[in-house]
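In the numbering used here, the protein residues as written are 375 to 910.
Cβ atoms here follow ideal geometry from the backbone N, Cα and C, with glycine treated the same way.
Working notes, beginning with the structure itself.
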């Protein structure tokens with residue numbers, strides 16, 4: 375009977391995740407649990423949010439499935455093969471259908487009483503011990519008005535749920551065109567978490583936020599202060615807009631000033647008629663958060679650590695009509711070749727390239743900001759990182775005049791303040807460009823010093839070819855290391871809130887040599903304090 379369950383379970387409405395599992399006869403509880411644990415960790419999902427393990431009736435008494443559910447402290451819920459066969463899934467298998475009567479046990483069991491597929495069918499996430507033994511998929515239930523979790527806001531029913539009776543995400547119903555690089559849509563990580571939360575209200579040396587230290591410089595503070603005498607008048611952005619256009623050699627019609635890059639992401643999400651937006655991850659999470667807030671269903675392309683987080687244009691679905699990618703990318707610090715990004719452009723598609731950290735790359739090689747020959751190109755720039763203006767909020771969009779006009783119509787009146795406009799104009803001047811170039815050179819040297827120090831730790835794996843003002847590292851028990859670093863006076867950015875990463879990742883901002891040396895000493899103490907530490 376559909377909805378039958380056995381074993382312990384959490385309080386009703388307390389959890390929202392359903393883990394669908396298919397397992398071969400004789401699979402061990404350790405193997406199945408290892409697969410589930412790895413899948414949840416890889417997607418940034420918390421095992422404490424799992425409500426149940428679901429499977430087909432014929433597998434309900436499998437020791438491996440029952441044992442894994444017991445370790446999670448949740449019930450096993452079984453469903454008839456016929457009911458599961460009626461559920462649309464992205465990865466059906468004729469062989470599985472012939473064997474058990476449904477084309478995908480894991481995905482169908484996860485979705486039959488849930489709303490949204492978060493992680494598609496996975497076979498080998500748990501390692502060699504699991505490969506070929508079990509499959510796992512994860513879906514999410516949406517809360518109803520009374521706070522309980524059911525299907526599409528309804529309380530869970532024990533009657534079969536058939537195809538078409540609940541919403542599916544765009545990405546879930548468009549199977550990956552490049553499976554190793556593509557992830558089915560997942561909202562697991564906290565997309566609104568930012569590095570400033572790591573240091574706010576704390577007296578810590580900041581390696582969590584990517585704003586350059588000792589900024590803004592005195593001359594820029596003076597220019598901003600001088601603008602305060604004009605606060606009685608409404609802001610006039612014409613001079614700053616012309617200055618930005620001149621700096622990039624573009625017509626002024628291709629420039630839109632914004633209250634930081636974050637506003638630009640919101641404008642893009644609200645003003646452009648995207649039907650199938652895709653965000654390339656891991657990257658800055660605000661673009662996806664803005665798209666979701668505007669009601670879009672967002673697909674993800676997840677770049678892999680094994681590939682150095684480098685982009686394969688073939689991983690982006692052909693049907694995507696809005697693609698967002700960072701360059702250099704936050705948090706991976708990978709600089710994608712401009713020629714590679716050009717391959718993502720095509721008529722009918724908006725290609726958004728976030729170049730917030732491009733001015734940290736010496737010579738700004740691989741920049742697309744001055745290109746007018748790429749169809750649908752939108753480049754975002756921020757002045758908050760290099761110039762220390764995060765509290766002032768100033769950035770800009772470079773795009774085709776029609777796109778700029780559409781975004782401008784979505785802006786409120788006078789979106790950028792007079793002090794921010796004064797800062798933008800000043801930062802486009804020749805002396806500012808020279809200072810920014812010198813800062814980029816210093817950051818390159820300081821980053822090399824940090825990387826050399828991290829290379830001394832056998833426990834730390836660094837993403838190679840870092841080109842931004844930060845580096846991404848992976849180490850076991852990173853959360854414990856991060857907390858120990860805080861006790862030692864240093865804030866590092868957690869990586870598990872970036873889609874495609876997990877709890878073993880940290881992002882470290884590049885600082886001067888003296889600060890880096892102190893940090894490396896603290897890192898050594900933090901790692902040394904962990905039990906069962908391997909040799910360095």
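Does DSSP put residue i in a helix, in a strand, or in coil?
| i | result |
| --- | --- |
| residue 756 | strand |
| residue 896 | helix |
| residue 750 | coil |
| residue 400 | coil |
| residue 807 | helix |
| residue 772 | strand |
| residue 659 | coil |
| residue 703 | coil |
| residue 477 | coil |
| residue 587 | coil |
| residue 872 | coil |
| residue 789 | coil |
| residue 462 | coil |
| residue 903 | coil |
| residue 415 | helix |
| residue 731 | coil |
| residue 762 | coil |
| residue 456 | helix |
| residue 822 | helix |
| residue 389 | coil |
| residue 532 | Per-residue confidence for residue 532 stands at a pLDDT of 31, beneath the threshold of 50, marking its modelled position as unreliable; the derived number appears in the next sentence. Note: residue 532 maps to coil in three-state DSSP. |
| residue 505 | Low confidence applies here, because residue 505 scores a pLDDT of 43, under 50, leaving its location unreliable and the question unanswered by this model. |
| residue 537 | Residue placement at residue 537 is flagged as unreliable, the pLDDT there being 33, under the threshold of 50; the coordinate-derived value follows with that caveat. Coil, per DSSP. |
Suppose you measure from the CA of residue i to the CA of residue j; what does that come to, to the nearest Å?
| i | j | result |
| --- | --- | --- |
| residue 790 | residue 767 | 8 Å |
| residue 814 | residue 699 | 22 Å |
| residue 666 | residue 672 | 7 Å |
| residue 398 | residue 419 | 25 Å |
| residue 465 | residue 852 | 33 Å |
| residue 488 | residue 444 | 21 Å |
| residue 837 | residue 484 | 34 Å |
| residue 755 | residue 657 | 15 Å |
| residue 631 | residue 746 | 18 Å |
| residue 871 | residue 879 | 10 Å |
| residue 759 | residue 586 | 6 Å |
| residue 740 | residue 826 | 25 Å |
| residue 479 | residue 463 | 10 Å |
| residue 451 | residue 874 | 29 Å |
| residue 889 | residue 744 | 36 Å |
| residue 513 | residue 467 | 19 Å |
| residue 793 | residue 612 | 14 Å |
| residue 701 | residue 729 | 5 Å |
| residue 642 | residue 627 | 17 Å |
| residue 655 | residue 876 | 12 Å |
| residue 646 | residue 690 | 19 Å |
| residue 431 | residue 410 | 19 Å |
| residue 598 | residue 797 | 6 Å |
| residue 493 | residue 406 | 16 Å |
| residue 681 | residue 717 | 19 Å |
| residue 589 | residue 899 | 30 Å |
| residue 774 | residue 396 | 50 Å |
If I follow the unbroken beta strand (DSSP E) through residue i, where does it start and stop?
| i | result |
| --- | --- |
| residue 651 | 651-655 |
| residue 728 | 724-728 |
| residue 509 | 508-514 |
| residue 441 | From DSSP, residue 441 is part of no beta strand (DSSP E) but of the alpha helix (DSSP H) over 437-446. |
| residue 453 | 450-453 |
| residue 424 | 424-430 |
| residue 629 | 629-632 |
Report the partner residues of residue i according to the DSSP bridge assignment.
| i | result |
| --- | --- |
| residue 579 | 864 |
| residue 883 | 844 |
| residue 696 | 651, 724 |
| residue 395 | 510 |
| residue 835 | 848 |
| residue 738 | DSSP lists no partner for residue 738. |
| residue 491 | 513 |
| residue 496 | 510 |
Give a yes or no on whether 7 Å exceeds the smallest Cβ distance from residue i to chain B.
| i | result |
| --- | --- |
| residue 723 | The structure shown has no chain B; it contains just one protein chain. |
Quick check on the DSSP output: the alpha helix (DSSP H) that includes residue i runs from which residue to which?
| i | result |
| --- | --- |
| residue 715 | 712-716 |
| residue 795 | 792-801 |
| residue 319 | This structure cannot settle anything about residue 319, because the visible part of the chain is limited to 375 through 910. |
Can you find a heavy atom of the ligand MN that lies under 6 Å from the Cβ of residue i?
| i | result |
| --- | --- |
| residue 725 | The model on display carries no ligand, and the ligand MN is accordingly not part of it. |
Checklist line | Inside the segment 598-625 only - alpha helix (DSSP H) runs reaching at least 4 residues | finding: Runs of the alpha helix (DSSP H) inside the segment 598-625: 612-622.
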